[in-house]
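Heads up: the structure comes next, in structure tokens.
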Amino acid sequence: MTMVHTTDTTPLASAEPLLRARELAVSRGRRQVLHGVDLELEPGELVALLGPNGAGKSTLLEVLSGGLPPASGTIERNGRVALALQSAEMARRSVRANLIAALGWWGVPRRQRAQRASEALAAMGAEHLARRQATTLSGGERRRVHLARVLAVAPDVLLLDEPFAGLDAEVRAALLADAQRALRSPERATLVVVHDRAEAWALADRLLILIDGAIVADGPPRELLADPPTALVARFLGFDGELRTGAGELVLTRPAHVVLDPGGPLAATVARTIPLEDGVRLELTMPGGRLYATADLPAPGIGDSVRVRVNGGARFQA
């Protein structure tokens, strides 16, 4: 059964962050999972947490919620903190009854539960599911109800662990659109672990990138994509092309930065082609590196010589 872990603390001044962590470290056995983690969550923020598998994302949510003690560091919580785990399992009862039960666990007065359950379902576009048995829901419906259940308890800090996992593209896109509206509140801070960059871009005001147990980037998603702070962050954000210049500079690119141009300054050879829905992805080799580009059909083939230019990209000292 899905658990919603809650921590209730005495609210501090409204000017304070709703949650603040300093120098957090967490170990599991002999393995250090998190180290040196600093973060703050402000009222009104919707923050995405992105990182590769095994980076420590779920562990960070656990320790922030109070469900797991840190090995070292401090956490300040101003108000109520709720963690919704990734699993969207529900009891064998109606959708409405599942939400009302969650409100009972939270300690919401009985007279308020039905109205709060209805409001949360409406916020997630799931009011029509209220009388359905939870066991009959589709994957997308289950995820909507799962989010409605945790929204109904109205925490000050909401922590969500991959709430869009396991959905096909169309269902996920529709849920993201509704969640983006429902999760925003001027009084609440929300931190959501997401599975891929598209989810972060669709949802978040701010993006945290966690790699090898440390937060390596923090900022608005578009700004981090336009100007990643390190080569490590750039590669994680999809800068898969790499070119080393004669001036000792490392240029990392995404396919959007690489343009086929007969008058371009760089000569390259097509090493591989990958068909796409609307064209072809090209792997290009050249002295000093390997770049990736997309091209419309008809596109160059393997072994063809092409010329390219690079517009933008991230530049670092090699």
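Numbering that gives the first Met the number 0 numbers the first residue of the sequence shown as 0 and each following residue consecutively. All C-beta atoms in this analysis are idealised placements derived from N, C-alpha and C, irrespective of residue type, glycine included.
Can you give me the Cβ contacts of Gly287 inside the same chain, cut-off strictly under 6 Å, excluding the 5 residues immediately before and after it? As a working mapping, residue 287 is identified with position 288 in the sequence shown. Excluding sequence neighbours, Gly287 sits near Leu242, Arg243.
Residue(s) in a DSSP beta bridge with Phe315: Taking the first residue of the sequence shown as 1, we reach residue 315 at position 316. Partner(s): Leu249.
Taking buried to mean at least 16 other C-beta atoms within 10 Å of its own C-beta, is Ala266 buried or exposed? What you label residue 266 is simply residue 267 of the sequence shown in a count that begins at 1. It is exposed - the Cβ of Ala266 has fewer than 16 other Cβ atoms within 10 Å.
Backbone CA spacing between Lys56 and Trp200 [nearest angstrom]: Here residue 56 is taken as the residue at index 57 of the sequence shown, counted from 1. Here residue 200 is taken as the residue at index 201 of the sequence shown, counted from 1. Just so you know, the alpha carbons of Lys56 and Trp200 end up roughly 18 Å apart.
Compare the Cα-Cα distances from Ala313 to each of Gly263, Arg280, Asp260, Phe238 and report the closest residue. Taking the first residue of the sequence shown as position 1, residue 313 is located at position 314. Of the listed residues, the one whose Cα sits closest to Ala313 is Phe238.
Return the first residue and the last residue of the beta strand (DSSP E) that Arg289 is part of. Along the sequence shown, read from residue 1 onward, the residue named residue 289 stands at position 290. Segment 288 to 294, the beta strand (DSSP E) holding Arg289.
Sort Leu209, Leu67, Val309 by Cα distance to Pro261 and report the nearest one. Position 262 of the sequence shown, counted from the start, is the residue given in the question as residue 261. Of the candidates Leu209, Leu67, Val309, the one whose C-alpha sits nearest the C-alpha of Pro261 is Val309.
Inter-residue CB distance, Ala255 and Val232 (contact presumed, cutoff 8 Å): Counting from one through the sequence shown, the residue named residue 255 turns up at place 256. Counting from one through the sequence shown, the residue named residue 232 turns up at place 233. About 17 Å; that fails the 8 Å criterion.
Please list, in chain order, all residues of the same chain as Ala101 whose beta carbon is under 8 Å from its beta carbon, the five residues on each side excluded. As a first step, residue 101 must be located in the sequence shown, where it is residue number 102. The answer, listed in chain order, is Val3, Arg148, Val149, Ala151, Val152.
What are the residues that DSSP puts in a beta bridge with Pro274? Here residue 274 refers to the residue found at position 275 of the sequence shown. For Pro274, which the question treats as bridged, DSSP gives the partners Val279.
Touch check for the region 158 to 173 and the region 122 to 139: three-plus C-beta pairs under 8 Å? yes
Near Ala12, what residues of its chain come up, given a Cβ to Cβ distance below 7 Å and the 5 sequence neighbours on each side ignored? Translated into positions along the sequence shown, residue 12 becomes position 13. The pLDDT assigned to Ala12 is 45, lower than 50, so where the model puts this residue is not dependable; a value taken from the coordinates is nonetheless given after this. Nothing meets the Cβ criterion.
What's the gap between the Cα of Asp303 and the Cα of Ala230? On the sequence shown, position 304 is the one that residue 303 refers to. On the sequence shown, position 231 is the one that residue 230 refers to. Cα to Cα, Asp303 sits roughly 30 Å from Ala230.
Which of helix, strand or coil DSSP assigns to Glu88: Working through the sequence shown from its first residue, we reach residue 88 at position 89. Coil, per DSSP.
Would you please state the rounded distance, in angstroms, between the beta carbons of Leu251 and Leu48? I believe it to be under 8 Å. Stepping through the sequence shown from its first residue, residue 251 is reached at position 252. Stepping through the sequence shown from its first residue, residue 48 is reached at position 49. The Cβ separation is near 23 Å, so there is no contact.
Label Ala122 either buried or exposed according to how many other C-beta atoms from any shown protein chain fall within 10 Å of its C-beta, with 16 as the threshold for buried. As a position in the sequence shown, residue 122 is number 123, starting the count at 1. The residue in question, Ala122, is buried, as its Cβ has 16 or more Cβ neighbours within 10 Å.
Do the region 73 to 85 and the region 155 to 167 make contact, defined as three or more Cβ pairs closer than 8 Å? Verdict: yes, contact present.
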